[in-house]
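Counted from 1, the sequence shown has number 422 at position 422 by the numbering used here; the numbering is strictly sequential. Don't be surprised by glycine CBs; every beta carbon is placed ideally from N, CA and C.
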Amino acid sequence: MAAPFVPQIALYRNWLAARRGLTFQNYEDMRQWSVRDLDGFWRSIWDYYDLQSPTPFEAVITERKMPGAVWFPGAQVNYARQVLRHVDAAHAAGLPAIVSGGEDGKLTETSWPELKRKAAALALHLKDCGVRPGDRVAAYLPNIPETIIAFLASASIGAVWSVCAPDMAAPAVIDRFKQIEPKVLIACDAVTYAGRGHDRKDVVAELRRSLPSVEHVILHSEAAAADARLSDITAGTGTVIDAFEPMWLPFDHPLWIVYSSGTTGLPKPIVHGHGGIVIVALALLGLHNDLGCSYHENSFGERYHWYSSTGWIMWNCQVGGLLSGTTCCIFDGSPGGTKDKPDWSTLWRFVAQSKATLFGAGAAFFANCAKAEIDLAAVGDLSQLRCLGSTGSPLSADTQAWFNDRFAALSKTNGSAAQADIWWANISGGTDFAGAFIGGNRELPQTPGAMQCRLLGAAVEAFSEQGRAVIDEVGELVCTEPIPSMPLYFWNDKGDVRYRASYFETYPDNFDGSGRGPVWRHGDWLKVNPDGSCVIYGRSDATINRHGLRMGTSELYSAIEALPEVLDSLVVDLEYLGRDSYMPLFVVLRDGVAFDGAMQAKINKAIEAGLSRRFLPNEIFAVAEIPRTLSGKKQELPIKKLLLGQPVEKVINREAMANPACLDWYLAFARDYLARTAA
C-alpha cells in the first residue's frame, strides 16, 4: 500500500472539528477532553464509526463509577453484525477477510462471503442443538480461520464464547471451562507446533469426562462423525443460511469469557459485553494502532497481523480488525522454528507472503529476533509493511533501535518511505478489559523503549505510594474513570466480591479522603514522562508474565505441589524493563528426596502436564523453607523485589513473618543473583 497515508487519528480530529466544533492545541489536550467528557468522547466514537442500533440509546453512560458503570442503555448491537456489515463492499473490492498460514509456508484465503456463509451455517447448527442467548460455547482450538468462524457463529446468536489454546494441558483448561458450564464444546484432536504433531485426543476425552454440562461436541477433525465434524457443518448451503442475520442484543449482553490469573484461586472468568468490546476495539485499533479499513481509499489494501495463540487476549485483538473491514492475517504455529533448529525468520516470511501492512507480536519475539541477528532482507518482500507493534512485556530500547536500523537499511533497497523511520504502535493493556491503556499515535515523536501516549478515553495515572499522581517517577498504573470494555462481572462472582478484590482493593471508595470512588489498580509499574510518553516496567504484583502470557502463581503451585515429593514451593517472575525474563522456582522437598536431575525433570514435567511448556522455570532451587507471613501467605512479592535489587528493610517486615530465620538464605541468593546479572 502507498504510505504514508493520512493518519487515522488526524481524520478523527478533523471530524471532531467539523462535526463537533472541537479543536485542541495538542494531543494531550484532546486526551484530557476525552477523559473529562466521557459522554462526549464515547458518543463521538459511536457516531464516527457509524455504529448502528434499531433502538436509540437513552444516554452514553449512567452511574459514572467503577465497577458498575452502565453504557449506552437502550442500544442494541452485535459483534458479528458489525463484522459482517463489511461483506459486500470488501468483497466487491477484491479483498479477502482472512489470510491464514502456518509453519509449512502455505497460505489460504477466506473470502468475506465465505466467512459470512460458514458462520451462518454453524450458528444455525448451534441453534438446532438448543443453544440459546446466554449459553456458553467453549472452544479448544488453534489460531485458524475455523476458530474465528466459530466465534462469530456463537456471537451472532447471543451465545457466550470462551476459548483455550491447544498447547494448554487438560487440568488448566478444565479449571477454566468447568467454572462456566458450557453447553457445547468445539475442539481439535491434533495440532502442529515447532515441526511436531501433537495428539490431543486424550485431552478432548478428558474434557468430555470433566465437563458434564456439555451436551454437544463438535470436532475439528476428519476422524469425527459427519454430524459432529466442524468442516461438514460449515460447508452447509441453502436459502436459510443465505438469509441468516445476527440477532440484535442489548449493548451489555455477554460476548465472551476470558481468563486472567492472579496469585490465589482459580483463574478469573472475566465477562465482557458486545457493545463495550466493539466500541473500544474500534477506537484502539483505528485511532491508536492506525489500522484502516481495507477497502477505504485512504487505507486500501490494509492487512493486519498480530501474532498470538488463542490463549492470549491478542487473539481477540487480532479478530477485532474485522470490525473495521480490515483483512486479518493469522499464523498458527511456532514463530521461531523448532527447538533443534531455531529459525526466528519464520514469522517474518509469513509477514512477507501475506503482505501484512501492520505486524505486531510479543516483545520477547522481537528480542529473540535481534539476538539471533536475523537477516530481514532474506525473508521476502517486506515493502508493504509500514508499522510494527509490540505488547505483552516491555520492549527494550536496544531491541527497538536494532529493528529501526534494519528497516532503515531495507528502505533504501525496497523504496519504502515508511520504513526509513518505521513507526511502532507499542501498546500496554490487558486481558482484564480487552484493551490498552498506553499505546501509539502516528503523529507523535518516537523514543525507543517508550510508548508514545496514554490512550484517548483512558484516565491513566502513575500513583505514588500515597495514592497521588506523579510525573517522571515510577508508580502504580491506575485508571480513575470507567472504560466501556471493563468487565461486566466475573462469572459466578456473587456480589462482585472477587471482581472488586482484583482491581479496587488497593484504592477503595474514598481511599484518599477526596470523596472519589474506587480506582482501578492494574498491577503494572508505570512512569509517565514529562512529554506524555510512557514506560511500563513490568508487573507490580506477583503474577507471572511469561513472554507476554499471564498465569497465576496458584496454578503453578497446584501442578507442582501435587507431586508427593514436593511439600511447598514459591515462584517469582523477574520480567522487568531491559532484563531477560527470568523465573526461578524454589521447592521444599520431603526428607530423603534427592534434588537431582531426575527430580528437576519430574517437576518440569508436572508443570508441562498441568499448564504448558511456556511456564517452565529458568532454574529450580531446593530450599529449607518458603517465607510466609504470620497468616500463612507466601511472600512472593517481597522476594521478587529483593531479586530486583530493592533493600530488604523496604520490602520485608521480619516481625510480620512466620519464619523469619529462612530469610537469610534468600538474601544471600539475591546478593549472588544481582552480582551475576551485574557482571
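Assign Gly360 to one of three DSSP states: helix, strand, or coil.
strand
Whole-angstrom distance between Asn659 and Ala691, CA atom to CA atom
Coverage of the chain is limited to positions 1 through 679, which leaves residue 691 absent and any answer about it impossible.
Around the C-beta of Val740, are 16 or more other C-beta atoms found within 10 angstroms, so that it is buried, or is it exposed?
Because the chain spans 1 through 679 in this model, residue 740 falls outside it and cannot be assessed.
By Cβ distance, which residues of its chain are closer than 7 Å to Pro54, with the 5 residues on each side in sequence left out?
Cβ-Cβ distances below 7 Å link Pro54 to Gln76, Trp248 in the same chain, with the five nearest sequence neighbours on each side left out; the list follows chain order.
Inter-residue spacing [alpha-carbon to alpha-carbon] between Gly392 and Gly158:
A direct Cα-Cα distance of roughly 30 Å separates Gly392 from Gly158.
Would you list the residues sitting across from Cys662 in a DSSP beta bridge?
None; Cys662 has no bridge partner.
Across which residues does DSSP place Tyr304 in a beta bridge pair?
Answer by DSSP bridge pairing, in chain order: Cys328, Leu358.
Whole alpha helix (DSSP H) elements within the stretch 434-512, 4-residue minimum:
497-503
Can you give me the Cβ contacts of Ala3 inside the same chain, cut-off strictly under 6 Å, excluding the 5 residues immediately before and after it?
Residue confidence is low: Ala3 scores 43 on pLDDT, short of 50, so the model does not pin down where it sits. No coordinate-derived value is stated.
Given Gly333, which residues of its chain have a CB within under 7 Å of its CB, disregarding the five upstream and five downstream residues?
Gly102, Glu103, Thr192, Tyr193
From the DSSP output, which residues share a beta bridge with Asp199?
Ala190
Compute the beta-carbon to beta-carbon distance between Tyr183 and Glu215, rounded to the nearest angstrom, for a pair I have assumed lies under 8 Å.
First, the amino acid is wrong: residue 183 is Lys here, not Tyr. Contact between Lys183 and Glu215 holds: their C-beta atoms lie close to 5 Å from each other, under 8 Å.
Are Leu230 and Leu219 closer than 8 Å when you measure CB to CB?
yes
Select from Thr338, Arg676, Phe350, Arg546 the residue whose C-alpha is nearest the C-alpha of Gly195.
Thr338
Host alpha helix (DSSP H) of Leu219 (start-end):
Not the alpha helix (DSSP H): Leu219 falls in the beta strand (DSSP E), residues 216-220.
Looking at C-alpha atoms only, which residue of Ser558, Arg671, Gly321 is the closest neighbour of Asn604?
Ser558
Can you give me the Cβ contacts of Pro484 inside the same chain, cut-off strictly under 6 Å, excluding the 5 residues immediately before and after it?
Counting only Cβ-Cβ distances below 6 Å, and skipping sequence neighbours, we find Trp71, Gly276, Ile279, Val280.
Hey, could you find the ends of the beta strand (DSSP E) Tyr537 is sitting in?
Taken as a continuous stretch (DSSP letters only), the beta strand (DSSP E) holding Tyr537 covers 534-539.
Alpha carbon to alpha carbon, what distance is there between Gly380 and Ser396?
26 Å
Quick one: give me the first and last residue of the alpha helix (DSSP H) that Cys317 is part of.
313-319
Counterpart residues of Pro145 in DSSP-defined beta bridges
Beta-bridge partners assigned by DSSP to Pro145: none are found.
Quick check: the Cα distance between Met1 and Glu146, rounded to an integer number of angstroms?
Residue placement at Met1 is poorly supported in this model, since its pLDDT is 44, which falls under 50; the coordinates still yield a value, given next. Spanning the two alpha carbons is a distance of roughly 28 Å.
Where does Ala2 sit, in a helix, a strand or coil, going by DSSP?
With a pLDDT of 47 at Ala2, under the threshold of 50, the modelled position of this residue cannot be trusted, and the question is left open.
Going by DSSP in three states, Val528 sits in which element: helix, strand or coil?
strand
Taking the C-alpha atoms as reference points, what is the distance between Asp202 and Trp46?
46 Å
Taking 7 Å as the cut-off, is the C-beta of Ser221 nearer than that to any heavy atom in the ligand MN?
By its list of ligands, the structure shown contains no ligand whatsoever, and the ligand MN lies outside what it can speak to.
Reduced DSSP category for Val204 - H, G, I as helix; E, B as strand; rest coil
helix
For Lys116, which three-state DSSP category applies?
Residue state, collapsed to three classes: helix.
In angstroms with no decimal places, state the Cα-to-Cα distance between Leu727 and Ser34.
Outside the displayed span of the chain (1 to 679) sits residue 727, for which this structure offers no information.
Looking only at its chain, what residues have a beta carbon closer than 6 Å to the beta carbon of Ala401, apart from the 5 residues adjacent to it on each side?
Pro448
Going by DSSP, what residues sit across from Pro342 in a beta bridge?
Gly337
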